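Following this line, the structure appears as structure tokens:
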């Protein structure tokens, strides 16, 4: 436990020292504020809660931005140290390889989580003033919590990517491909298939199951489908939210997407020859 | 409790791609014993160290450090008593020297307050607050040595520790190593600098293409190689040297240099006999010098011996 904490604290401090977390917090704050003020512009006319609109737009932004940030942070975590030569020395210390992986995961997730919480907190401060009577504050808390989780998920995936290759460049390329596949292409492919299929073979259950299978979509489902006002703002009123997308299933999917890559990266890294 | 061997290597083979990095190597280093690894570049010295450290896994055979498998259970604890200085040491460039050492001290469960003393010991007290990225090669190497000193190491692995250090730093470096050996630390070091190692009476292992071709102390290796001893004589004049040349016992080949200097090559076991002969029978010897085969001679001898003819 002690060794994990030492590694985690070092990782966290490194992120602060090289301004990485500061940059992430700054970018997220700019976007969150922008969406808070601009994104809620149309709400007056349709009478939807301002906060609900903000939740929808911020969730849509987080789903692209946070995975990218997390992967950029973590793809280098293991392979970078192996390539630079610091890993060989670190592993001759009384610290197990799994502790290195978990420590790095914790340090980076907490760092990115802090950046997320700060920027969403700043936006929340403005929302208190913009939408004081909103009943959707719980939804906003869910958004912040799941956004931090989303960061953790892609930190874990990034660590898995980082455990395999010998070169950093390979890990970087692979991280980008994974981001593209999971965050961008998956939805497009699913939509394309749905349209081409015309509802013949894909039932609602299978479609929802495929959605929940993807961590980014599970994040969307948790935030967009949970609260009625938010569903209205997202244009999801009247959609069939049953089966795999209902309840805590998306949340379970997210937890699995965090735990499984982490375990796999521990397994891969343990066998690695430095 | 029986005293465990510091390092125990039994029949270890390591293959990279299709090439043998180490082939059926058996070697042991007792507690408090020291070992110098010699060999050409790519002979397998670094591979051997990495196997001992558990950074690599052997393809065959068994490695034990302080009685445990370096890639198995209990290795984490054993590593607390280990110091390693890699050949090309790399640090986190954004940390200062003091921060670097504090990080490693925490991992080794060693009080961070002791770091200043260690930095002082390697002569880095003045640069403790400087970023490691701005350190010179010599300073990095000294910081590398400093991190091996954290805690109370029982085994130290130093991979080419003196490359890139100036003679003064080298001396300081060996000074520290000598102190450690006196404290009972097993120091395993690899080096190309044969004359430096010769000053230390430690066990020597010579590797060639992943095969251990000789192991033993310097006197043991000398005995095994049975290289001739050279006795150099300087005589007062040419007549005296003619006289000596004519009276030499059988089996000794003299070589003459510029009139009144003679070099005799003789087997090691006849050293005393010949010296007695020279001092009792010959007049006119102005000076006498006995040269034992150097580590360099031995190294070349064993390297050449191992080449299959």
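Residue numbers (the numbering used here), protein chains in the order written: chain R, -13 to 260; chain U, 12 to 320.
Ideal placement from N, C-alpha and C gives every residue a C-beta, glycine not left out.
All figures in this text were calculated on a predicted structure; none of them were measured in a lab.
Neighbourhood of residue i by C-beta, 7 Å cutoff - its chain only, sequence neighbours within 5 removed
i                      : result
residue 312 of chain U : 236, 238
residue 61 of chain U  : 67
residue 19 of chain U  : 39, 75
residue 181 of chain U : 173, 207
residue 148 of chain U : 175
residue 91 of chain R  : 141, 142, 145, 248
residue 205 of chain R : 49, 132, 136, 240
residue 164 of chain U : 92, 93, 94, 196
Per-residue burial, residue i [other beta carbons within 10 Å of its own, 16 or more giving buried]
i                      : result
residue 187 of chain R : exposed
residue 31 of chain R  : Note that residue 31 of chain R scores 46 on pLDDT, short of 50, meaning its location in the model is unreliable and no value can be drawn from it.
residue 225 of chain U : buried
residue 67 of chain R  : buried
residue 200 of chain R : buried
residue 73 of chain R  : buried
residue 291 of chain U : exposed
residue 243 of chain R : buried
residue 165 of chain R : buried
residue 27 of chain U  : exposed
residue -13 of chain R : exposed
residue -7 of chain R  : buried
residue 236 of chain R : buried
residue 257 of chain U : exposed
residue 197 of chain U : buried
residue 130 of chain R : buried
residue 160 of chain R : buried
residue 45 of chain U  : buried
residue 32 of chain U  : buried
residue 59 of chain R  : buried
Enclosing beta strand (DSSP E) for residue i [first to last residue]
i                      : result
residue 201 of chain R : No beta strand (DSSP E) holds residue 201 of chain R; the alpha helix (DSSP H) holding it covers 201 to 210.
residue 201 of chain U : 197 to 201
residue 75 of chain U  : 71 to 76
residue 86 of chain R  : First-last for residue 86 of chain R: 83 to 116, but that is the alpha helix (DSSP H), not the beta strand (DSSP E).
residue 162 of chain R : Element bounds for residue 162 of chain R: not the beta strand (DSSP E) but the alpha helix (DSSP H), 154 to 165.
residue 187 of chain R : That residue, residue 187 of chain R, is in no beta strand (DSSP E); it is neither H nor E in DSSP.
residue 143 of chain U : First-last for residue 143 of chain U: undefined, no H or E at that position.
residue 18 of chain U  : 18 to 27
residue 275 of chain U : 272 to 277
residue 263 of chain U : Where residue 263 of chain U is concerned, there is no enclosing beta strand (DSSP E), given that its DSSP letter is neither H nor E.
residue 219 of chain U : 214 to 219
Contact set for residue i: own chain, Cβ-Cβ below 8 Å, skip 5 residues either direction
i                      : result
residue 62 of chain R  : 148, 154, 157, 158
residue 12 of chain U  : Since pLDDT at residue 12 of chain U reaches only 41, below the 50 mark, its modelled position is unreliable, and the value read off the structure follows with that caveat. Hits under 8 Å: none found.
residue 205 of chain U : 49, 305, 306, 307, 310
residue 76 of chain R  : 67, 86
residue 320 of chain U : Note that residue 320 of chain U scores 46 on pLDDT, short of 50, meaning its location in the model is unreliable and no value can be drawn from it.
residue 21 of chain R  : 40, 43, 44, 47, 109
residue 89 of chain U  : 76, 77, 78, 79, 81
Residues near residue i in its chain [Cβ-Cβ closer than 6 Å; skip 5 each side]
i                      : result
residue 144 of chain U : 104
residue -11 of chain R : 81, 85
residue 65 of chain U  : 81, 82, 86
residue 2 of chain U   : Past the edges of chain U, shown from 12 to 320, lies residue 2 of chain U, and the structure says nothing about it.
residue 282 of chain U : 240
residue 15 of chain R  : 105, 108
residue 259 of chain R : none
residue 169 of chain U : 96, 200
Limits of the unbroken alpha helix (DSSP H) element including residue i
i                      : result
residue 4 of chain R   : Counting along the chain, residue 4 of chain R falls outside any alpha helix (DSSP H), and DSSP gives it neither H nor E.
residue 235 of chain U : 229 to 236
residue 171 of chain U : Here residue 171 of chain U belongs to no alpha helix (DSSP H), and DSSP marks it neither H nor E.
residue 240 of chain U : Premise fails: residue 240 of chain U lies in the beta strand (DSSP E), 240 to 246, not in any alpha helix (DSSP H).
residue 87 of chain U  : 86 to 89
residue 115 of chain U : 108 to 118
residue 208 of chain U : 205 to 209
Point to revise | At least three beta-carbon pairs within less than 8 Å, the stretch 258 to 265 of chain U to the stretch 85 to 99 of chain U | key: no
Check your understanding: Taking any Cβ of chain U, which residues in the stretch 77 to 89 of chain R have a Cβ under 9 Å from it, in chain order?
Key -> 77, 78, 79, 80, 81, 82, 85
Review point. Would the stretch 230 to 247 of chain U and the stretch 67 to 86 of chain U be scored as touching if the rule is three or more Cβ pairs under 8 Å?
Key: no
Check your understanding: Between the stretch 198 to 214 of chain R and chain A, which residues of the former have CB atoms less than 7 Å from a CB of the latter, in chain order?
Key -> Of the chains in the structure shown, none is chain A; the protein chains are R and U.
Point to revise | Against chain U: residues of the stretch 242 to 259 of chain R by CB proximity under 7 Å | key: 259
Check your understanding: Is it a yes or a no for the stretch 84 to 99 of chain R touching the stretch -7 to 11 of chain R, going by three-plus beta-carbon pairs under 8 Å?
Key -> yes
Review point. Does the stretch 126 to 138 of chain R touch the stretch 161 to 181 of chain R, meaning 3 or more C-beta pairs lie closer than 8 Å?
Key: no
Review point. Which residues, taken in chain order from the stretch 144 to 159 of chain U, show a beta carbon closer than 9 Å to some beta carbon of chain R?
Key: 155, 158
Review point. What are the residues of the stretch 88 to 112 of chain R that lie near chain U, defined by any Cβ-Cβ distance shorter than 7 Å?
Key: none
Check your understanding: Counting pairs of beta carbons, one from the stretch 52 to 60 of chain U and one from the stretch 38 to 54 of chain R, are three or more of them closer than 8 Å?
Key -> no
Check your understanding: Looking at chain U, which residues of the stretch 56 to 78 of chain R have a Cβ within less than 7 Å of any of its Cβ atoms?
Key -> 70, 71, 72, 74, 75, 77, 78
Review point. In chain order, what residues of the stretch 106 to 120 of chain U put their CB closer than 7 Å to some CB of chain R?
Key: 114, 115, 117, 118, 119
Practice item. Could you list the residues in the stretch 141 to 167 of chain R with a C-beta less than 7 Å from some C-beta on chain U, going in chain order? Key: none
Practice item. Say whether the stretch 100 to 114 of chain U touches the stretch 187 to 194 of chain U, bearing in mind that this needs 3 or more beta-carbon pairs closer than 8 Å, one atom from each stretch. Key: no
Practice item. Mind checking the stretch 55 to 81 of chain U against chain R and listing, in chain order, the residues whose C-beta falls within less than 8 Å of any C-beta there? Key: 61, 64, 65, 66, 67, 68
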